[in-house]
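Report on the following structure.
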Amino acid sequence: MQKPIDTIALTTEDTALLARSRQAIDRRLARLRDLAPCILDMSAREATLSSHYGHTLKDKIELFELARDFGLTDFGLSNFFDFPSVTDQFLDYLVDNGISLDGFLATIAVEPVTDRKCLPMGPAARRTREFGIPNVILLVEITPSVIRSMGRRPDDVLRDLDAHVRHYREQLPVETERTGRIYVRIGDAFDAFDEEPEHVLKVFKLLGALPITGILFEDVRGTRFIFESNELIRLMRHYNPVPRKILVHPHSGNGMEDATTVEAVLAGADGVWSGFTPQAAQGGHGCVLMFLTNLMRARNRHVVQQYNMQSLMITAEKMWQIHDHHGIPPNTPVVGARAYRYVDPLFEQADRPRDLHPELIGVEPRHQITPGWAPPGVIAGRLRELGYGPDVTENWQLLSMIRACINAELVEGRQENCDEPEHLARLVDTARCRIEQGEAWVAGSPDPTAPLTARYR
């Protein structure tokens, strides 16, 4: 009987399979690397819906300035109402201060059209006309059952959408990269697809024939799987070829939202229409900062050219404070305090494939001593940060004894913050005393870059 070890020689079939796998990875990486991302910033709108405190005019101004200084150029305005709102104040501020409205978009609902020569004029439509807002987002609802509940037919909405697009194409400036842009936002595509997928195809085909800039696609409840979004995006792209834009806005908050934005690009999307930070109307959403840093992992050259990535951390911190009135939770990926406080050398990110070097986004990497693990290399790194010299940070016997002292506290049932400078100083003193008394505890490799298995001792 052949031994398993004798079966591992690679065959021609094996090498062909390997080549296909590598080509598939390289093809996807190339798409992420070469994408010039299209971003519509919704920072002044998205988190307004979920903030316990809301946004004042001061908040709106600061959010806009933070996004602008980061390098974002397109901004979605918050909702307008029949009563005065902060969005009205913000629009007045922009005009009074001579700030161009070219980068701003107002969201206007597609309403039933009874007179083709006179479209409904809700609050957003009136403000758009009054202030000359040069770009619009047309929000359309396409779920057949919802349309029928209003006593209308699904095809009626297609005619309404056609009328709205043609109206604003006539009313807005000539389309350029900055003005005259019309995006159509679909928040219920999945619901409509569940009921009548043929109707959704009609919508996509109509959009392909209309003079619009692009489509804003949303998983509004954040309940759909990535592959579902991908298939709808592929359908959109089939009927709306490049250069038409497709931007995505997936919700959820369980991590799937940020994976969806990456997969959406692979399926044909151009970017996101999102807030800079993860806060969303409900749960989380695929935000700008996560999208851009994921592109950086693919070594996307456009991201660092278009945006001030060195200010990413400070921008996130300030926006978080505005939205939630507190700092970023420490375990938040990428921008949380612990994202680059390494508990083991294995987790350090630098220049390996798909690493995101923290210094590229304005973060200085550090070390964190966690009592349940605390390898000597991390203890050395933390002590170095606190100003200890090489007599401590390169003393492997002392570092190993400190690790033993940390574990001894847990054995005794004591839970201490071993990362705190004063307690760490006491641990150093205790370890020195134990060594002076003749104890020795040296195990593992003194090389902090040693294989992980060498640190399980």
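First residue of the sequence shown: 9, per our numbering; consecutive thereafter.
Virtual Cβ for every residue (Gly too), placed ideally from N, Cα, C.
All of these numbers come straight from a predicted model, not from anything done at the bench.
Rounded to whole angstroms, what is the Cα-Cα separation between residue i and residue j?
i    : j    : result
V386 : V351 : 6 Å
G452 : N425 : Residue placement at G452 is flagged as unreliable, the pLDDT there being 49, under the threshold of 50; the coordinate-derived value follows with that caveat. If you take the alpha carbons of G452 and N425, they lie about 24 Å apart.
L43  : G421 : 53 Å
D14  : L37  : 35 Å
G370 : L407 : 30 Å
Y396 : G106 : 54 Å
D168 : P120 : 6 Å
R392 : Q376 : 12 Å
G130 : V144 : 13 Å
S260 : T231 : 7 Å
M244 : L215 : 9 Å
A200 : V208 : 6 Å
D437 : Y348 : 28 Å
E149 : G159 : 14 Å
K11  : A17  : 12 Å
M409 : L394 : 19 Å
L71  : E417 : 46 Å
F112 : E185 : 12 Å
L102 : L109 : 7 Å
D22  : S282 : 43 Å
R360 : N308 : 15 Å
N262 : G292 : 8 Å
E444 : L297 : 51 Å
V466 : A32  : Residue 466 is absent from the structure shown; the chain starts at 9 and stops at 465.
D123 : H175 : 12 Å
K210 : T378 : 57 Å
R177 : N302 : 35 Å
R440 : W381 : 20 Å
T323 : I330 : 11 Å
G446 : A412 : 14 Å
R137 : D82  : 19 Å
S58  : T19  : 57 Å
V94  : M50  : 15 Å
V173 : G188 : 11 Å
Could you round the C-beta distance between residue i and residue j to whole angstroms and report it? I think they count as a contact, below 8 Å.
i    : j    : result
E239 : G195 : Wrong, their Cβ atoms sit about 17 Å apart, outside the cutoff.
I223 : V192 : 6 Å
F299 : T340 : The Cβ separation is near 15 Å, so there is no contact.
M304 : L364 : 6 Å
G276 : I241 : 5 Å
G84  : Y315 : Actually they do not touch by this definition, with Cβ atoms about 18 Å apart.
A114 : F284 : About 20 Å separates the two Cβ atoms, so there is no contact after all.
L147 : A171 : That pair is no contact at about 15 Å.
K68  : A52  : 5 Å
E203 : T151 : 6 Å
P353 : G344 : Rounded, the Cβ-Cβ distance is 20 Å, inconsistent with contact.
Over the uninterrupted alpha helix (DSSP H) stretch that includes residue i, give me the two end residues.
i    : result
G385 : P384 to E393
K66  : L65 to F78
L40  : T20 to D42
L418 : W404 to V419
T438 : P429 to E444
L274 : M264 to A275
V311 : R309 to Q314
E119 : Note, E119: premise wrong, no alpha helix (DSSP H); not H, not E.
E138 : P131 to F139
I155 : P152 to S157
Which residues does DSSP list as the beta-bridge partners of residue i?
i    : result
W281 : L48
K253 : G222
P258 : D227
Q287 : G292
L113 : G84
What residue range is occupied by the uninterrupted beta strand (DSSP E) comprising residue i?
i    : result
F89  : That residue, F89, is in no beta strand (DSSP E); it is neither H nor E in DSSP.
L147 : V144 to V148
If you scan the stretch 163–251 from start to end, which runs of the alpha helix (DSSP H) of 4 or more residues do you find wholly inside it? 197–203, 205–217 and 234–247
Output the residue ranges of the alpha helix (DSSP H) runs that lie fully inside the stretch 328–400 and measure 4 residues or longer, sorted by chain position. 384–393
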